[in-house]
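My numbering numbers the first residue of the sequence shown as 81 and each following residue consecutively. Below: the structure, in structure tokens.
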Amino acid sequence: MQHDAILARFDLTPAAAAGTLTVRSPVDGAVIGRVAETDPAAVPEIAANARRAFDAWRTVPAPRRGELVRLLGEELRAAREDLGRLVSLEAGKILQEGLGEVQEMIDICDFAVGLSRQLYGLTIASERPGHAMRETWHPMGPCLVISAFNFPVAVWAWNAALALVCGDPVVWKPSEKTPLTALACRRVFERAAARFGADAPEHLLQVTVGGRDLGAALVACPDFPVVSATGSTRMGRQVAVAVAERFGRSILELGGNNAMIVAPSADLDLALRAILFSAVGTCGQRCTTLRRLIVHRDVRERLLPRLKAAYASIPIGSPLDAGTLVGPLIDADAFEAMQRALETARADGGTVTGGERVLADRWPDARYVRPAIVEMPAQTAVVRHETFAPILYVLSYDTLDEAIALQNAVPQGLSSCIFSTDVRETERFLSAAGSDCGIANVNIGPSGAEIGGAFGGEKETGGGRESGSDSWKAYMRRQTATVNYSDALPLAQGIRFEV
Ligand code: NAD
Numbered sequence: 081m082q083h084d085a086i087l088a089r090f091d092l093t094p095a096a097a098a099g100t101l102t103v104r105s106p107v108d109g110a111v112i113g114r115v116a117e118t119d120p121a122a123v124p125e126i127a128a129n130a131r132r133a134f135d136a137w138r139t140v141p142a143p144r145r146g147e148l149v150r151l152l153g154e155e156l157r158a159a160r161e162d163l164g165r166l167v168s169l170e171a172g173k174i175l176q177e178g179l180g181e182v183q184e185m186i187d188i189c190d191f192a193v194g195l196s197r198q199l200y201g202l203t204i205a206s207e208r209p210g211h212a213m214r215e216t217w218h219p220m221g222p223c224l225v226i227s228a229f230n231f232p233v234a235v236w237a238w239n240a241a242l243a244l245v246c247g248d249p250v251v252w253k254p255s256e257k258t259p260l261t262a263l264a265c266r267r268v269f270e271r272a273a274a275r276f277g278a279d280a281p282e283h284l285l286q287v288t289v290g291g292r293d294l295g296a297a298l299v300a301c302p303d304f305p306v307v308s309a310t311g312s313t314r315m316g317r318q319v320a321v322a323v324a325e326r327f328g329r330s331i332l333e334l335g336g337n338n339a340m341i342v343a344p345s346a347d348l349d350l351a352l353r354a355i356l357f358s359a360v361g362t363c364g365q366r367c368t369t370l371r372r373l374i375v376h377r378d379v380r381e382r383l384l385p386r387l388k389a390a391y392a393s394i395p396i397g398s399p400l401d402a403g404t405l406v407g408p409l410i411d412a413d414a415f416e417a418m419q420r421a422l423e424t425a426r427a428d429g430g431t432v433t434g435g436e437r438v439l440a441d442r443w444p445d446a447r448y449v450r451p452a453i454v455e456m457p458a459q460t461a462v463v464r465h466e467t468f469a470p471i472l473y474v475l476s477y478d479t480l481d482e483a484i485a486l487q488n489a490v491p492q493g494l495s496s497c498i499f500s501t502d503v504r505e506t507e508r509f510l511s512a513a514g515s516d517c518g519i520a521n522v523n524i525g526p527s528g529a530e531i532g533g534a535f536g537g538e539k540e541t542g543g544g545r546e547s548g549s550d551s552w553k554a555y556m557r558r559q560t561a562t563v564n565y566s567d568a569l570p571l572a573q574g575i576r577f578e579v
């Protein structure tokens with residue numbers, strides 16, 4: 081495997097060989113690193129370092145902070161091939177998706193550079209004579225970023241690019257399954273910071289390595305006023321409570337259970353391509369993976385046989401080989417969870433096509449599967465649960481009301497879409513009485529969000545938001561200032577003080 085050469089290009093060769101956290105590639109199960117772990121007892125020191133960095137960084141003008149992020153974007157462009165390949169090796173995504181993830185990082189840097197000159201507040205008409213009121217957005221403080229294995233680098237960039245232009249240093253705890261890509265990102269950041277010069281304080285970015293215990297210790301620390309956590313709803317529930325306990329602010333991007341409604345007027349060729357891309361891409365390990373197909377009864381028989389035929393011919397194999405569309409599951413636990421879900425679906429009356437392990441002879445220590453289609457008689461509990469694997473449940477409907485109700489009847493509600501050429505249906509789907517998801521698409525699948533829009537907004541987080549749109553406000557605090565430029569001191573109506 082080429083991981084040694086890639087790690088060397090990020091100066092990680094000794095660092096990735098001497099630690100206690102063993103990193104295995106899902107491609108073949110081979111050990112690709114042993115990384116030093118961060119002791120949870122070190123959290124107060126990490127927090128103090130971040131606090132010192134904050135004291136310096138918050139007074140650097142925002143457009144100048146943007147310059148650092150511009151340089152980060154340049155360094156990412158230079159490292160795109162290596163980092164994309166490392167993502168493939170460590171997270172098991174096909175190479176195009178690894179590269180695409182790095183492209184997202186570059187895009188959010190571009191976005192954030194522009195943003196660094198647009199951290200606008202309002203001026204407000206005061207009711208008092210001789211007074212001016214304005215609101216200013218100030219940096220909030222050190223931002224803790226916790227990320228999931230399946231977007232090992234982009235999630236950090238969505239947060240870090242915004243946090244940095246907003247004046248917040250970043251402490252990052254990546255998934256314990258993907259520490260190497262995180263350490264590589266740190267190296268890329270260091271290159272940008274070195275070019276930027278002395279305005280960038282030490283410890284502007286700190287990367288920590290560890291699992292749930294380290295995450296919990298960081299989350300509990302009151303020195304991180306902003307905690308952005310991306311992962312399962314199980315994790316989100318724990319983080320939300322711990323952060324609320326100390327009146328911190330959490331930004332949560334959690335699981336999805338995303339549906340596609342295929343209406344009678346749908347362009348079925350278009351729908352078929354979208355289903356394939358969004359249901360089997362990244363081996364079903366995207367938060368926006370298509371997990372539920374809600375098909376009108378009239379088109380079901382025209383769509384399903386074609387879909388099954390397409391599934392049977394999907395190229396499954398090493399994500400590093402050109403031509404592979406579906407790579408491995410992240411590990412054996414993910415495989416077991418998939419098999420358990422399929423068993424439950426069968427017990428609920430579902431008919432399963434696919435889902436079996438493949439390529440076990442070639443890669444006994446990895447877990448490759450054929451993506452599964454499961455025709456369900458009803459939306460049972462297993463369908464409403466996010467199983468992080470390539471399982472597509474198929475349900476039928478007769479009326480659009482019924483389809484929308486089915487789609488909305490899950491707790492997660494991250495992304496959604498409808499395939500229809502009937503404007504009355506599509507507009508209804510996008511209306512207040514339509515999809516209840518943070519992302520609602522028409523004639524495009526649920527996967528592949530662009531950085532310009534705020535991501536997520538799922539029900540289970542109360543609408544968490546990272547990335548574009550006005551997400552930056554979550555990394556800052558708003559201050560409203562009133563300036564009296566008169567020689568009077570008008571108080572509330574009717575109140576007079578004699579002095
Ligand atoms: P996970 O919840 O197991 O872990 C995510 C991160 O949280 C890891 O870094 C983990 O160490 C940490 N963590 C776990 N428990 C914690 C705790 N109590 N306190 C602090 N940190 C804790 O998720 P995963 O398996 O790595 O990723 C898959 C999940 O992430 C799926 O549910 C997927 O939908 C979701 N996801 C969502 C988005 C999004 O933007 N909405 C993006 C990527 C992944």
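All C-beta atoms, glycine included, are put in the ideal place defined by N, C-alpha and C.
- In the DSSP assignment, V115 falls outside any alpha helix (DSSP H) and lies within the beta strand (DSSP E) extending over V111 to V115.
- Less than 8 Å divides the Cβ of R450 from the Cβ of I396.
- Here E530 carries a coil assignment [DSSP, helix/strand/coil].
- Beta-bridge analysis with DSSP links I519 to S495.
- Straight-line measurement puts the Cα of R271 at about 21 Å from the Cα of G178.
- DSSP, read as helix, strand or coil, puts M315 in helix.
- The residues L409 and R447, in chain order, have a CB closer than 6 Å to that of F415 in the same chain once the five nearest residues on each side in sequence are set aside.
- Here P470 carries a coil assignment [DSSP, helix/strand/coil].
- Just so you know, the alpha carbons of P249 and D478 end up roughly 52 Å apart.
- Ranked by Cα distance from Y555, the options L298, Q82, G172 and S308 are led by S308.
- Distances from the alpha-carbon of N230 to those of G361, K553, H83 and P570 put G361 closest.
- Contact annotation: G335 and C367 have beta-carbon atoms nearer than 8 Å.
- Contact check between the region 114–124 and the region 195–203: fewer than three CB pairs, one atom from each, fall below 8 Å, which does not count as touching.
- Looking at M220, A237 and L350, the one whose alpha-carbon comes closest to that of F304 is M220.
- With a cut-off of 8 Å on Cβ pairs, the region 201–214 is not in contact with the region 163–172, counting fewer than three such pairs.
- Boundaries of the alpha helix (DSSP H) harbouring T424: A412 to A427, taken from the DSSP string.
- For Q82, no beta strand (DSSP E) encloses it, and the DSSP letter there is neither H nor E.
- Here the alpha carbon of R426 sits roughly 32 Å from the alpha carbon of R104.
- For A351, the CB stays at least 7 Å from every heavy atom of the ligand NAD.
- The closest CA to that of D441, considering only V503, A121, G109 and T100, is found on G109.
- Nearest Cα to G435 within the set T93, T310, A485 and V406: V406.
- Going by beta carbons, V432 and T310 fall outside the 8 Å limit.
- Exclusion of the five residues before and after R131 leaves P222 and D303 as the residues of its chain whose Cβ lies within less than 7 Å of its Cβ.
- For H218 and I341, the gap between their C-alpha atoms comes out near 43 Å.
- In this structure, I226 has its CB closer than 7 Å to one or more heavy atoms of the ligand NAD.
- Residue pairing for K253: DSSP places it in a beta bridge opposite I226.
- Taken from the Cβ of F269, every heavy atom of the ligand NAD lies 7 Å or farther away.
- Beta bridge pairing from DSSP links H211 with N564.
- A residue is called buried once 16 or more other Cβ atoms fall within 10 Å of its Cβ, and S511, having fewer, is exposed.
- Non-local beta-carbon contacts of H283 in its own chain, meaning distances under 7 Å to residues more than five positions away in sequence, involve N129, A130, R132, A133 and P249 in chain order.
- Between A402 and the set L242, I355 and L175, the nearest pair of CA atoms involves L175.
- In the DSSP assignment, E455 forms a beta bridge with T431 and V474.
- DSSP assignment within the region 119–195 yields the following whole alpha helix (DSSP H) runs of 4 residues or more, N-terminal first: 123–137, 142–171 and 175–195.
- Each of T560, D567 and S566 was checked against the Cα of T216, and the nearest Cα belongs to T560.
- Between the ligand NAD and the CB of T310, the shortest heavy atom gap is smaller than 7 Å.
- Shown here, I484 sits in a helix according to DSSP, grouped into three states.
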